[in-house]
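Trainee: Chains as they are written, first to last, in the numbering used here: chain A, 16 to 355; chain B, 16 to 355; chain C, 16 to 355; chain D, 16 to 355.
We put the beta carbon where it would ideally sit given N, CA and C, even for glycine.
4 protein chains.
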Amino acid sequence: MKSYHVNIGAGLDGMVMKEHDMLVPGPREVLVRVRACSLSFRELMILFLGFYPLPVRPDVIPVSDGAGEVVAVGLGVTRVKVGDRVAGTVFPYWLDGPYTRDTAAQLGGSHDGMLTEYALLPEEGVVPIPEHLSFEESAALPCAAVTAWNALTGGLPLLAGDTVLTLGSGGVSLFALQFAKCFGTRVIATTSSEKKAERLKMLGADAVVNYRTTPDWSVAVRELTGGRGVDHVIEVGGPSTIVQSIKATRVLGEVALVGLVTDPKASPDTGVHRATTAGLVTLRSIAVGSRAQFLAMNRAIAVNGLKPIIDRVFPFEEAKAAYQYYQEAQPFGKVIISQS
Amino acid sequence: MKSYHVNIGAGLDGMVMKEHDMLVPGPREVLVRVRACSLSFRELMILFLGFYPLPVRPDVIPVSDGAGEVVAVGLGVTRVKVGDRVAGTVFPYWLDGPYTRDTAAQLGGSHDGMLTEYALLPEEGVVPIPEHLSFEESAALPCAAVTAWNALTGGLPLLAGDTVLTLGSGGVSLFALQFAKCFGTRVIATTSSEKKAERLKMLGADAVVNYRTTPDWSVAVRELTGGRGVDHVIEVGGPSTIVQSIKATRVLGEVALVGLVTDPKASPDTGVHRATTAGLVTLRSIAVGSRAQFLAMNRAIAVNGLKPIIDRVFPFEEAKAAYQYYQEAQPFGKVIISQS
Amino acid sequence: MKSYHVNIGAGLDGMVMKEHDMLVPGPREVLVRVRACSLSFRELMILFLGFYPLPVRPDVIPVSDGAGEVVAVGLGVTRVKVGDRVAGTVFPYWLDGPYTRDTAAQLGGSHDGMLTEYALLPEEGVVPIPEHLSFEESAALPCAAVTAWNALTGGLPLLAGDTVLTLGSGGVSLFALQFAKCFGTRVIATTSSEKKAERLKMLGADAVVNYRTTPDWSVAVRELTGGRGVDHVIEVGGPSTIVQSIKATRVLGEVALVGLVTDPKASPDTGVHRATTAGLVTLRSIAVGSRAQFLAMNRAIAVNGLKPIIDRVFPFEEAKAAYQYYQEAQPFGKVIISQS
Amino acid sequence: MKSYHVNIGAGLDGMVMKEHDMLVPGPREVLVRVRACSLSFRELMILFLGFYPLPVRPDVIPVSDGAGEVVAVGLGVTRVKVGDRVAGTVFPYWLDGPYTRDTAAQLGGSHDGMLTEYALLPEEGVVPIPEHLSFEESAALPCAAVTAWNALTGGLPLLAGDTVLTLGSGGVSLFALQFAKCFGTRVIATTSSEKKAERLKMLGADAVVNYRTTPDWSVAVRELTGGRGVDHVIEVGGPSTIVQSIKATRVLGEVALVGLVTDPKASPDTGVHRATTAGLVTLRSIAVGSRAQFLAMNRAIAVNGLKPIIDRVFPFEEAKAAYQYYQEAQPFGKVIISQS
C-alpha cells in the first residue's frame with residue numbers, strides 16, 4: 016500500500032510517496048480503503064506555511080479529510096462493519112460536547128491522515144456517509160462542512176428567518192451558504208467578482224456584496240437588513256475582515272470565528288474589542304466539530320439532498336498537482352484527490 | 016363601533032353583538048381597526064365547553080386572534096404608528112423569555128379580544144405583520160402559529176435533518192408542518208383519511224400515517240425513522256395520543272405538549288410516566304409564545320414566503336356561523352371572520 | 016484474582032465468587048486494582064427483581080460503581096498512568112453530550128462491573144477522583160452522584176436562589192441536596208420520619224416535609240415557596256410521587272425523572288399528562304451522566320470539599336451481607352464494599 | 016419635590032438642584048419616594064467624560080440606580096402596591112430575554128433617573144427588594160449587581176467547581192465575586208495592592224494576583240488553574256486587560272465583556288482576534304440585565320443573605336461630594352447617596 020508523507024513546512028518537494036506493508040486493525044480499530052480525500056486550508060498551512068496551531072508529527076501522512084470503505088475491523092468493533100461507506104472525522108477522539116484539549120488528536124497532524132490507500136482509524140473516528148453522495152463528494156465534508164455546521168448550529172440557535180452572512184467562496188463559506196438555506200434563512204454573501212457573485216446566487220445567496228467595489232461592505236450588509244444587522248456571521252477572513260464582520264452584526268448576534276485559518280502574517284488585528292462592545296456582539300471560536308455534529312450534519316445533507324460543491328478532481332498520483340492547484344487557482348468549491 | 020360579547024359556557028345563543036362609543040387610546044395604548052380574526056380551539060372551550068384554564072371575564076369580547084390597522088395611538092407610544100398593519104399578541108404583556116403567571120393576561124379571556132370593529136391594545140401587545148400577507152392570513156397567526164413556532168423552536172434546538180412528528184390537521188399541526196419544512200427537516204404527519212393525507216403531502220409532509228387504519232401508529236412512525244424515533248413531536252392530542260407520541264420519540268427527543276387544548280372529559284391519562292422514563296424522553300409544556308417569538312416567526316414567514324392555510328372566511332355579521340362551522344366541519348386550515 | 020458473578024434475578028444464593036487468571040490490558044485499556052465499590056438501586060433490580068431496562072449479560076461481574084488504582088495500562092493509553100487514583104464511569108463509552116443508544120454499554124450490565132479485585136476498563140471509562148476523598152468515598156460517586164449532578168445541571172440552568180425539591184434520603188437525593196446547597200439554592204426535602212428530617216437539615220436542607228404526616232405534601236412544598244412552586248425537582252419516586260412532584264413545581268420549572276429506578280410493580284401511573292400541562296411543567300428523563308459531567312462534578316466536589324454520606328462499609332468477603340443490608344436497612348447514605 | 020439635573024459633559028458645576036411640583040402617576044405608572052441611590056461608572060462618563068454610548072437627554076435627572084417606597088400608583092397597576100419597597104431597573108422596558116434596541120430606554124439617560132426625591136416609573140420598571148437589605152444596600156444593585164449576575168449566568172452556564180476570574184475591586188467585580196462564591200465556584204481576583212487583596216480574600220476570593228507586581232498576570236492566573244485556564248472572566252478592564260483576560264481563559268471558556276465601561280481614550284485595542292482564536296474562547300458582550308434577571312438575582316441575594324459592599328454614604332444634599340469622592344477615592348464598594 017502507498018501513502019504520501021510530509022514534514023511541516025517541507026513544501027511540495029518534501030512530499031514523498033512511500034510503499035508500506037498492509038496495516039492490520041487492532042482492537043477497536045477499523046481499516047479503511049480510502050477512495051477520495053479533499054484539501055483544506057490546513058493542508059496549505061502545514062505543507063507551505065510551516066505554521067499550524069496543533070502538533071504535526073514528523074513524516075506524517077497528510078490530509079485530514081477522506082472517505083472510503085471499511086475493509087477490516089479489529090476486536091470489539093461495534094459501530095461499523097466491513098463494507099460500510101465511511102468518512103474519517105478530523106478529530107477521531109472528539110465524540111460529542113465541546114472541543115477539549117483532551118480530544119485534540121487530529122488526522123493529518125498528530126495522527127496519520129487520509130492521503131493514503133489505506134487508513135487505520137479508531138472505530139469512533141469514522142461516520143457513515145450519506146447514501147446519495149459519492150466518495151469524492153463525501154471526502155469534501157470532514158473539515159469544511161463540519162466547521163460550517165458547527166459555526167451555524169453550535170452556538171446561538173439558527174432559526175428560519177434569520178439572516179446569515181458568509182464571506183467569500185472558500186469551502187467553509189460555501190457549505191455555510193448551503194446549510195443556512197436549508198434552515199430557511201436569508202443569506203448575504205460577500206465576494207470579489209461578479210462571476211463569483213452569480214455562482215453564489217445560484218447556490219441560494221439572497222444578496223451578494225462585492226467587497227472590492229464596496230470596501231465598506233459592512234455598511235452595505237447592514238442596509239440589506241434594514242439597519243438591524245445580521246444574526247450570524249461565519250467569519251473566515253480573520254484580521255482583514257473581523258471588524259467589519261462585527262459591525263454587520265445585530266445586537267447580541269453571533270460571529271463564529273473559524274480560528275484555525277488565521278494567517279500569522281495578516282494585517283494588524285485592531286479594534287475588535289471596541290467593535291464587539293459597541294455592537295453588543297458575541298464572538299465564538301470554532302474548531303471544526305464533533306463526531307455527533309458530523310452525524311447530525313449528515314442527516315441534514317441526506318434529508319435535503321445536498322451536494323458539496325466540487326471544483327476539480329485529481330487522481331491520487333497527481334496529489335502534488337492538486338495541492339498546487341488548490342493553492343493557486345482560487346477554486347470555487349473543494350479540490351478532491353480521488354482513488355476511484 | 017360594534018363588538019361581540021360572551022360569557023363562559025354561554026353557547027351561541029349567549030353570544031351577543033353590542034354597539035359602543037368609540038374607544039380612545041390612553042398612554043402607551045393603540046387603537047386597532049380590526050380587519051379579520053380567526054378561531055382557535057380556545058374559543059370553543061370558552062363558548063361551548065364552559066371550561067378554560069385561565070380567567071375569562073364576564074361579558075368579554077371573545078377571540079384572541081386578530082389583525083388590522085393602527086388608527087390612533089396614545090401618549091408615549093414608540094413601537095408603532097398610525098397606519099401600521101399589525102396583529103395582536105394573545106398575551107399582550109408577555110414580551111420575551113419564558114411564560115410567567117405575571118404575564119398571563121390574555122385577549123379574549125381576562126382582557127377583551129378581537130371579535131370587534133376596534134380593539135384597544137397596549138403598544139407592546141401588537142406586532143407588525145408580514146407584508147406579503149393579507150389581514151385574513153395574518154389573523155390566522157397569533158395563537159396557532161405562535162404555538163407551533165414555540166413548540167418547534169423554544170426547547171430542544173430544531174436542526175435541518177431532524178424528523179418532526181405532527182398529529183392531525185388542526186391549526187397548530189399545519190403551521191408546525193409548514194415551519195418544520197422551512198428548517199429543512201423531515202416531517203411525518205398522522206391523519207384519519209386518505210384525502211387529508213394527500214393534502215398534508217402537498218404541504219410538504221414526507222410521510223403520512225393513517226391512525227385509523229394503523230392504530231399502533233407509533234410503531235409505524237418509528238419504523239419510518241429506521242427505529243431511531245423522531246426528534247420532535249408537536250403533541251396536540253392530549254390523553255388519547257400522548258403515550259404513542261412518547262413511544263415514537265428518540266432517546267432524549269422532545270415532546271412539546273400543547274397544553275391548553277386538553278379536553279377535561281378525555282380518556283384516562285395513564286402510562287405517561289412509564290413511557291417517558293422508558294424512552295428517556297423530555298416533555299415540555301407550551302403556552303402559545305412571547306411577543307419576541309411572534310416577531311421571529313414573522314421573519315421566518317416573510318423570508319420563506321409562507322402562507323397560512325385558510326379553510327373558509329366568514330363575514331363579521333356571520334360570526335356565529337363561523338363558530339358553528341369551526342366546531343362541526345373539521346376544517347383543514349383556519350376559519351376566519353373578516354371585516355374587509 | 017477474585018470476582019463475584021451473578022445472573023439476572025439469581026438472588027443472593029446465585030451470587031458466586033470465582034478465581035481468575037490476572038487480566039492484561041489491551042490497547043487503550045487500563046487495569047484497575049479496585050479498592051471499594053458501592054451499591055445502587057440497579058444492583059437490587061438486577062439481583063433480586065430480575066428486571067433491568069438494559070442488557071445484563073450472563074455471569075456478569077456486578078456493581079457499576081467502584082474506585083481504585085491504575086496498576087497497568089495498555090498500548091496508546093494517554094489519559095491516565097499507573098498509580099492514578101480513579102473511579103470507573105457507569106457508561107464507559109459515554110464521553111460527553113447527551114446519552115445515546117450508541118453509548119449504552121454499562122458496567123455491571125452489558126460489561127463486567129466493579130465487584131472484583133481487578134477491573135479492565137477502557138481508558139476513557141475512568142476518571143481521576145478528588146484528592147480529599149478516600150477510595151470508599153469515591154466509590155460512592157459513579158451512579159448516584161453523577162445522576163444527581165445531571166438532574167440538577169443537565170437541563171434548566173440551576174441558579175443560586177432557586178428552590179430545589181428532593182425526595183427521601185436515597186443516594187441520588189442526598190447527593191442532590193449536597194450539590195444544590197453548593198449552588199446557593201434553597202432545598203426542600205421530603206422524608207418519612209423526624210429522625211431523618213433532622214439528618215437532612217444537618218446536611219443543609221432548608222425545610223423538610225414529612226410525607227407520612229402530610230400526605231398532600233405538594234401543597235405544603237408549594238406553600239413553602241410562597242405559592243410560586245419549586246424550580247427543580249429531583250424525582251426519584253416514580254408513579255407514587257410523580258404527580259405531586261409536578262404539582263409542587265413552578266410554571267416552566269423542571270422535574271428531572273430518574274427513570275431507571277421505576278419499580279415495574281408500582282402503583283398505577285395516572286394523571287401525569289394533566290398535571291404537566293396544567294402546571295406548564297417540563298419533565299426531563301435522566302440516565303446517570305457522561306464522563307464530562309463526572310469530571311465537572313468532581314471539580315465541584317473538590318472546590319467545595321464535599322464528602323459523600325456513607326451509611327456503612329462492608330469488607331469484600333461480606334459482599335452478600337452488604338447487599339442484604341442495603342436492601343433491608345433503609346440506609347441513610349451509601350453502602351460500601353471495601354478492599355482496603 | 017427636589018431633583019438634581021445634568022447635561023452630558025457638564026461637570027460638577029453644571030449639576031443643579033431644582034424644585035418641582037409633585038408628580039402624579041399616569042396609567043401603568045408608579046411614583047417612588049426615593050430613599051437612596053448609588054453611583055456607577057456610567058455617571059462619571061455622563062457628567063465628566065461627556066461620552067456615553069446611549070442617548071442622554073438634556074437636563075436629565077441623573078443616576079440609574081435607586082431604591083425607595085411606592086407612594087402612589089396609576090390606573091391598571093397590578094405588579095406593585097403603595098408601601099412596597101422597590102428598586103428601579105436601569106432599562107425600565109427590558110423585561111426578559113436578550114437586550115434589544117427596542118428596550119434601550121434607560122434611567123438617568125433617555126429617561127429621568129433616581130437622583131431625586133420622587134421618581135415616576137413604569138410599573139414593570141420596578142422590582143421588589145430583598146427584605147434583609149436597607150434602601151442604601153438595595154440602591155447598590157440595579158447597575159453593578161445585575162451586570163455581574165448577567166455576566167455570570169447569562170451565557171455559558173455557571174457550575175459549582177468552575178473557576179471565575181474577576182478584575183480589580185469595582186462594583187461589578189465585587190458583586191461578581193460574591194455571586195460566584197454563592198454558586199460554589201473558585202474565584203481568582205486581580206488587584207493592585209496587598210491591602211485590597213486582603214479585603215478580596217475576606218469576601219471569599221480563593222486567590223488574588225497583584226497585577227502591579229505580576230504584569231503577566233494571565234500566566235499566574237493560568238498556573239493557579241493547573242494550566243487549564245479559568246471558565247469565566249468578568250472582563251471590566253477593556254483594552255488594557257482584554258488580551259490577558261482571554262489568555263487566562265480555558266478552551267471554550269467565556270469572557271463576559273462589560274462593554275459600557277470602555278474608556279474611549281484607552282490604550283490601543285490590538286491582538287484580540289488572535290488571542291480569541293488561539294485560545295478558542297467565546298467573548299460575550301453584556302449590557303446590564305433584564306428585569307427577570309434582576310428578580311432572579313434578588314432571590315439569590317435573599318436565599319444567601321448577601322450584603323452589597325458599601326464604601327461610603329453621602330446625604331442627598333452632598334450629592335456633588337459623592338460624585339467627587341467616587342471619581343477620586345478609588346472606593347472599595349459602592350458609593351451611596353441617601354435620603355433616609
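So, helix, strand or coil for Asn225 of chain A, using DSSP?
Mentor: Here DSSP, grouped into helix, strand and coil, assigns Asn225 of chain A to strand.
Trainee: Since Ser53 of chain B sits in a beta bridge, which residues does DSSP pair it with?
Mentor: B:Asp80, B:Ile351
Trainee: Would you list, in chain order, the members of the stretch 106 to 131 of chain D that have their beta-carbon closer than 8 Å to a beta-carbon of chain A?
Mentor: Pro113, Tyr114, Thr115, Arg116
Trainee: When you check each C-beta in the stretch 297 to 321 of chain C against every C-beta of chain D, which residues fall closer than 8 Å?
Mentor: Ala311, Met312, Asn313, Arg314, Ala315, Ile316, Ala317, Val318, Asn319
Trainee: Is the beta carbon of Thr178 of chain A sitting closer than 7 Å to the one on Ser188 of chain A?
Mentor: no
Trainee: Residue ranges of each beta strand (DSSP E) run of no fewer than 3 residues wholly in the stretch 126 to 152 of chain D, ordered along the chain?
Mentor: 133 to 137, 141 to 143
Trainee: Output needed in chain order: residues of the stretch 37 to 67 of chain A with a Cβ under 9 Å from some Cβ in chain C.
Mentor: Gly41, Pro42, Arg43, Glu44
Trainee: From Ser184 of chain B to Ser353 of chain A, what does the alpha carbon distance come to, in whole angstroms?
Mentor: 49 Å
Trainee: In three-state DSSP terms, what is Ile301 of chain D?
Mentor: The DSSP-derived three-state label of Ile301 of chain D is strand.
Trainee: Val287 of chain D CB to nearest chain A CB: under 7 Å?
Mentor: yes
Trainee: Taking buried to mean at least 16 other C-beta atoms within 10 Å of its own C-beta, is Ser355 of chain A buried or exposed?
Mentor: Taking a 10 Å sphere around the C-beta of Ser355 of chain A, we find fewer than 16 other C-beta atoms and assign the residue as exposed.
Trainee: Of all the CB atoms in chain B, is at least one closer than 7 Å to the CB of Ala175 of chain A?
Mentor: Yes - at least one Cβ of chain B is within 7 Å of the one on Ala175 of chain A.
Trainee: Taking the straight line between their C-alpha atoms, what separation do you get for Ala315 of chain C and Gly348 of chain C?
Mentor: 19 Å
Trainee: What's the gap between the Cα of Asp80 of chain D and the Cα of Tyr114 of chain B?
Mentor: The straight-line gap separating the alpha-carbon atoms of Asp80 of chain D and Tyr114 of chain B is approximately 27 Å.
Trainee: Roughly how many whole angstroms lie between the Cα atoms of Arg72 of chain C and Glu84 of chain C?
Mentor: 26 Å
Trainee: In whole angstroms, what is the alpha-carbon distance linking Tyr108 of chain D and His247 of chain A?
Mentor: Linking Tyr108 of chain D to His247 of chain A through their CA atoms gives a straight-line distance of about 26 Å.
Trainee: Could you name the residues of chain D that Thr291 of chain A contacts, counting a contact when the two beta carbons are closer than 7 Å?
Mentor: Leu272, Leu298, Ser300
Trainee: How about Thr131 of chain D and Ser18 of chain D: are their beta carbons less than 7 Å apart?
Mentor: Judged by beta-carbon spacing, Ser18 of chain D lies within the 7 Å limit of Thr131 of chain D, meaning their Cβ atoms are closer than that value.
Trainee: Should Ile352 of chain C be flagged as near chain A, meaning a C-beta pair shorter than 7 Å?
Mentor: Under the Cβ distance rule, Ile352 of chain C does not count among the residues neighbouring chain A, no pair being separated by less than 7 Å.
Trainee: Give the range of the beta strand (DSSP E) segment to which Thr291 of chain B is assigned.
Mentor: For Thr291 of chain B, there is no enclosing beta strand (DSSP E); the residue is found in the alpha helix (DSSP H) stretching over 287 to 294.
Trainee: Grab me the residues of Leu298 of chain D's own chain with a C-beta within less than 7 Å of its C-beta, minus the 5 sequence neighbours each way, in chain order.
Mentor: Val270, Leu272, Thr291
Trainee: Got a sec? Which residues, its chain only, sit under 7 Å from Val365 of chain B by beta carbon, not counting five neighbours each side?
Mentor: Residue 365 of chain B cannot be examined here, being either before or after the span of chain B that is shown, 16 to 355.
Trainee: Unbroken beta strand (DSSP E) runs of length 3 or more, entirely within the stretch 24 to 49 of chain C: which are they?
Mentor: 31 to 34
Trainee: Check the Cβ-Cβ distances between Val266 of chain B and every residue of chain C, and say whether any is below 7 Å.
Mentor: yes
Trainee: Look at the alpha carbon of Val303 of chain D and the alpha carbon of Asn165 of chain D, and state the distance between them as a whole number of angstroms.
Mentor: 7 Å
Trainee: Taking only the alpha-carbon atoms, compute the straight-line gap between Phe63 of chain B and Gln339 of chain B and give it to the nearest angstrom.
Mentor: 10 Å
Trainee: Using a Cβ-Cβ cutoff of 7 Å, what residues of the stretch 161 to 172 of chain A are near chain B? List them in chain order.
Mentor: Thr168, Pro172
Trainee: Alpha carbons only, please: which of C:Val236, C:Leu218, C:Val95 is nearest the one belonging to Asn225 of chain C?
Mentor: C:Val236
Trainee: Counting only Cβ pairs nearer than 7 Å, list the residues of chain B close to Phe198 of chain A.
Mentor: Ala175, Phe198, Gly199
Trainee: Consult DSSP for Lys17 of chain B and reduce its assignment to one of helix, strand or coil.
Mentor: strand
Trainee: Cβ atoms of Phe198 of chain D and Ala220 of chain D: under 7 Å apart, would you say?
Mentor: no
Trainee: Going by DSSP in three states, Leu90 of chain A sits in which element: helix, strand or coil?
Mentor: It is coil, neither helix nor strand.
Trainee: Considering just the uninterrupted stretch of the beta strand (DSSP E) at Phe329 of chain C, what are its terminal residues?
Mentor: 325 to 330
Trainee: Nearest chain D C-beta to Ile257 of chain A closer than 7 Å, yes or no?
Mentor: yes
Trainee: When you compare the CB positions of Leu46 of chain D and Leu54 of chain D, do they come within less than 7 Å of one another, or not?
Mentor: no
Trainee: Among B:Glu138, B:Met30, B:Val223, B:Ala120, which has the Cα closest to the Cα of Lys211 of chain B?
Mentor: B:Val223
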